[in-house]
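Chemist: Have a look at this one before I ask anything.
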Amino acid sequence: MNEYDHKKIETKWQKVWEKKKPNKVKEDSKKKKFYALIEFPYPSGAGLHIGHPRSYVGMDIIARKKRAEGLNVMYPIGWDAFGLPAENYAIKTGINPAIITKKNSDTFKKQIKSLGISFDWSREIDTTDPKYYKWTQWIFLQFLKAGLAYKKKMTINWCPKDLTGLANEEVINGCCERCGTKVEKKEKEQWMLAITKYAERLDKDLDETDFLEKIKIQQRNWIGKSEGAEIDFQIKGNDKKIKVFTTRPDTLFGVTYVVLAPEHEFVGELIAKVSNKADVEKYIKESKTKSEIDRTDAKTEKTGVELKGVKAINPANNEEVPVWLADYVLADYGTGAVMAVPAHDERDWDFAKKYRLEIRDVVMPVRIDYINPHVAGKKVVERKAIQAIIRNPKNGKILCLKWKKQPWTTFVVGGVEEGENVETAARREILEETGIKDLKFIRILGGPVKSEFFAAHKDENRVAYFNVALFELDGDASGTVSKDESEKHEPIWLDLKDIRPDTMRCGELDIWLHRLNNLNNASTEKGLLINSGKFNSKDSESVKQEITEFVGGKWVTKFKLRDWIFSRQRYWGEPIPVVHCEKCGIVPLPDKELPLKLPKVKNYAPTESGESPLASIDKWVNTKCPKCKGKAKRETDTMPNWAGSSWYYLRYMDPKNNKAFADKKKLKYWGQVDWYNGGMEHTTLHLLYSRFWHKFLFDQGLVPTSEPYKKRTSHGMILAEGGEKMSKSRGNVINPDDIVKTVGADTLRIYEMFMGPFDQAIAWDTNNIAGARRFIEKVWKLQEKVVFGNVSASDYGLSTGYATKTDPLSLRGHSDSLNILVHKTIKKVTEDIEDMKFNTAISGMMILVNEIEKGKAVSKEHYEILLRLLSPFAPHFTEEIWANLKNKKSIHTEKWPKYDEKKLVSDTVSIMVQINGKVRGMIEANIEADESFVREEIKKISEINKWLVDKEIKKVIFIKGKLINIVI
RNA sequence: GCUCGGGUGGCGAAACUGGUUAGACGCAAAAGACUUAAAAUCUUUCGACCGAAAGGUUAUGCGGGUUCGACUCCCGCCCCGAGCACCA
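Numbering (the working numbering), first residue to last: 60 to 1027.
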């Protein structure tokens, strides 16, 4: 037998596959189809990243297994080739990005081919190929015709150095991704795609998909569906009504002001009437120039300005409330106006505190003390009451009362008497109960809380409406207390950490502690309504719609998702195929004029005014209107790089069609992508965008399904050694070519699949590659042990009693144990591949190899099963051995091994004997042995039996074939 | 702050729906064999503590709980990663 020579073997088989094209597929109505997809790469100048193969190989294993299971598998690849790097390079060097792109994708192709991935190269596509982007443009025009593509004046991110607009994803921490300059805002007309029209379906139809739960959740968060009420606030002395959106109409009686976004449509008119016009104008101007991060950072203090003289009328109680402008209200969400309820909204609370606006509580949380609940038959007494928290500023300790007749510790507590407010009642109670006089009042901890408990000291059920006042000791803590009081309880000082639900008798303690620790005391939880007219004492949650109806509001659904800004002022993208005609306005190009090709330009940089370089080519820009033949100008914006990838999986079905983006029959045959693997970073952009395009095409009757992908999974990133990101600047990049050269593609594949769980980020570890290589060499060397024909049991030389709890392949010394192990391994590998648990699939095969190695010989049958299981992981060397074993056909056309359920277990098993949960021994028994048999067996074994002598058996737990636990 | 993941040996990690002595498999390390030597290969050891050994104790981020039995379930807390972030 020869030495394992990965170079020779891998180039040999790659040449064969190149010639025979075993992975080329056609529609075949007799076979069930399987469409496997990975995200097609952007062919960057840096070459293939070591992370790319992780996804490709993972899906390759699945694709190869599905082929072996008899499915008609399409596993295509192509190039998502519009993108920034090639364009930046073009700006710098003047070389056409098409040239760079071709060069890069050729490199990628060579690299990917060296990995032996079973792609169908006959379906290769390139988004920058005019034959491809013809259809990207065509689909855009369908959007336009359906009214879903429109132009709108937008504030966009603008880089003053690069003179270009930036997409949101190109802005990193408020700075330009490329040059680091702080991004400004600029108004510009932009093409938009109305993805919001599909928000509801994009959310709901996730139910139909088999995406990973975390992907669904992340998409749902991004879409941001929320239900609430739209309510009109009449402006006093004006016929206009301010429409607000709120998810908490139950708090309507707590509105103490109304806030408009500075961009709100009424502002222009209202400003004429205000008495502080200059201030308001100044504020609007400021908020316009503020950068996006300054404005949206939740940490920065809220700002605003009152529209003095303007009042809005609360439709619930006809109260007049002030109207403010503040940029914490977003113009493009909801209605651009909110009703402010500072008592029950944290943002409104901050704003109200800053500008000293009224805070009115309308929802009272409820707590029932389950440790001291109401006692049946005792009278129920309602009381308005206070508790006082007194803090010693020197050591942070809190004054509490330790009760003498009850096992209680409480805060200072008592009723509110006639004419008292929270502070005066608290001061009186503190004086009575502790004698302390010198106190500084700090604040009241939010609104009232309803608390139900049994007051043992008064022998009555209590319903208390509590408020809490916070004081600080302002001088001496001493004082005299009446005998009456000191018999009831004594004051003690406790650390804040010792004030816990288990140490205090206070059912609503969680609320007070939260309010004590947070300056923002807005209470956002549900409860009973107070100060709310006829809705008082109703449950806040259930009264939402009723209140909405009461004021003539409307129940509506809103989304966080915004329409997709679809234009860029750059060269390297699909030209938007419309003209601007002086007479006819925006006119789409007729289909026969597609593709509208990118013209040649001298300079790839955007113009001074921030237009795409296309704008500077007069010959190209000036054209005729297709409709009226009059003078017209071409659109000079291009599409974002998400355009081509929004439908590429459809083009794979029919990549060369020039009559349609894909043939209907082929679309029908291939249908949905069965399994799509990609990175989590594309969850809210590419994945959402392509679902949107697909749904639109479905509505147009152009595709047969409403969802593009049946199943979506994700892979983890590969990090550099040490856990950092790989990057050129850090100098820690691993080049896949080097690995393929030194240890081979099969080893790289095994290593990447074995390194850790597939969906988890993991650091590269050069040491561990040796393990993958060793495994392959072991399998290679097993060729020496192959016996054609029967192998006697003694030749196996199996280890026995090889059993641990966690080993799913454990053996029990059965004479046929290798056979059992083989079947277990088939089961394990088969199932693990489906779950993308490639690491444990490989470990299962390693266990099998280790066992075979211990014997003197292995049957051809068993060895071939191992090779077939391993072939999707390491396709080259398994093919070589397969040929060495005198097989005529390729291993990759073999059927996937099947396991026999009956052969998975031997009939004798070790049953664990536990006494009081501790393992005291093992007994051998038939797998079907019942409890009484096992108990009889135990009696025979003195080592176990000694634990049972003279002991009363309280309980026996028996699990067939597994364990017996005797409780004594 | 919110939403999702995670926290297990020196390291990457296993452990089916709570049930066959936690740590499979691999890496690293140590000792030995082979070798003039090294590499490769093979054999053995390898959570911690006590012990000469047999064996015992302890151990899955921390603190409680449920259970005959908990990495797995429940409550509270801490830490790490990812995403979102004034969305009313």
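For every residue, glycine included, the Cβ atom is placed at its ideal position computed from N, Cα and C.
1) Going by beta carbon distance, what residues of the same chain come within less than 7 Å of D959, once the five residues before and after it are set aside?
2) How would you label E1011, buried or exposed, when you count the other beta carbons within 10 angstroms and need 16 or more for buried?
3) Could you check the C-alpha separation between L963 and T884 for me, to the nearest Å?
4) What number of angstroms, rounded off, separates the C-alpha of R307 from the C-alpha of H433?
5) Taking P321 as the reference, which of L384, I974, M133 and K438 has the closest Cα?
6) Measuring straight from C-alpha to C-alpha, what distance separates K190 and F817?
7) Since V303 and T160 should fall inside the 8 Å C-beta cutoff, what is the C-beta to C-beta distance between them, to a whole number of angstroms?
8) When the Cα atoms are used, what is the spatial distance from C218 to E667?
9) Put S969 into one of helix, strand or coil per three-state DSSP.
10) Report yes or no: do three or more beta-carbon pairs, one from the stretch 541 to 560 and one from the stretch 446 to 466, lie closer than 8 Å?
11) Given that a residue counts as buried once 16 or more other Cβ atoms are within 10 Å of its Cβ, and exposed if not, what is H921?
12) Is it true that the CB of Y209 sits closer than 8 Å to the CB of S177?
13) When burial is assigned at 16 or more other CB atoms within 10 Å of the CB, is A371 buried or exposed?
14) If I measure Cβ to Cβ from K332 and keep anything under 7 Å in the same chain, skipping five residues before and after, which residues do I get?
15) Looking at the structure shown, is D598 part of a helix, part of a strand, or coil, going by DSSP?
16) Return the chain-ordered list of same chain residues with a C-beta closer than 6 Å to the C-beta of K90, the five sequence neighbours on each side being excluded.
17) How about the stretch 754 to 771 and the stretch 248 to 261: do they share at least three Cβ pairs that are nearer than 8 Å?
18) Which ranges does the alpha helix (DSSP H) cover as unbroken runs of at least 4 residues, wholly within the stretch 617 to 701, from first to last along the chain?
19) Mind checking which residues open and close the beta strand (DSSP E) that includes K300?
20) State the DSSP-derived secondary structure class of F93, mapped to helix, strand or coil.
21) Pair every Cβ in the stretch 526 to 541 with every Cβ in the stretch 483 to 491, then say whether three or more of these pairs are closer than 8 Å.
22) Consult DSSP for G10 and reduce its assignment to one of helix, strand or coil.
23) What are the complete beta strand (DSSP E) segments, minimum 3 residues, inside the stretch 900 to 972?
24) From I997, L928, I982 and I276, pick the residue whose C-alpha is nearest to that of R123; which is it?
25) Would you mind sorting Y728 into buried or exposed? The rule is 16 or more other CB atoms within 10 Å of its CB.
26) Among G566, L744, T223 and P699, which has the Cα closest to the Cα of N431?
27) So, with DSSP's three-state summary, where would you put S545?
28) Put K80 into one of helix, strand or coil per three-state DSSP.
29) Taking the alpha carbon of L203 as the point to measure from, which residue in L252, I798 and E183 has its own alpha carbon closest?
30) For C459, does the count of other Cβ atoms within 10 angstroms reach 16, so buried, or fall short, so exposed?
31) Please report the straight-line C-alpha distance between V972 and E987, rounded to a whole angstrom.
32) In whole angstroms, what is the alpha-carbon distance linking N480 and I503?
33) Just how far apart, CA to CA, sit L857 and M895?
34) If you draw a straight line from the alpha carbon of N147 to that of E780, how long is it in whole angstroms?
35) When you compare the CB positions of K597 and Y524, do they come within less than 8 Å of one another, or not?
36) Out of curiosity, what's the CA-to-CA distance linking Y101 and V660?
Modeler: Concretely, from the data shown:
1) Cβ neighbours of D959 beyond the five flanking positions: H882.
2) exposed
3) Using only the alpha carbons, I get a separation of about 9 Å.
4) 32 Å
5) L384
6) Answer to the nearest angstrom: the Cα atoms are 36 Å apart.
7) Wrong, their Cβ atoms sit about 50 Å apart, outside the cutoff.
8) 12 Å
9) strand
10) yes
11) buried
12) By the CB criterion at 8 Å, S177 and Y209 fall outside the cutoff.
13) buried
14) Within the same chain, K332 has close Cβ partners G368 and V369.
15) Correct three-state label for D598: strand.
16) N131
17) yes
18) 677 to 680, all fully within the stretch 617 to 701.
19) K300 to T305
20) strand
21) yes
22) Because the chain here runs from 60 to 1027, residue 10 falls outside it and cannot be looked at.
23) Segments of the beta strand (DSSP E) lying fully in the stretch 900 to 972: there are none.
24) L928
25) buried
26) G566
27) helix
28) coil
29) Relative to L203, the option among L252, I798 and E183 whose CA is nearest is L252.
30) Buried.
31) So the alpha carbons of these two residues sit roughly 16 Å apart.
32) 11 Å
33) Here the model assigns L857 a pLDDT of 41, short of 50, so the residue's position is not dependable, and the following value carries that caveat. In this structure, the straight-line span from the alpha carbon of L857 to that of M895 is close to 31 Å.
34) 30 Å
35) Annotated as distal: K597 and Y524, with beta-carbon spacing of 8 Å or more.
36) 23 Å
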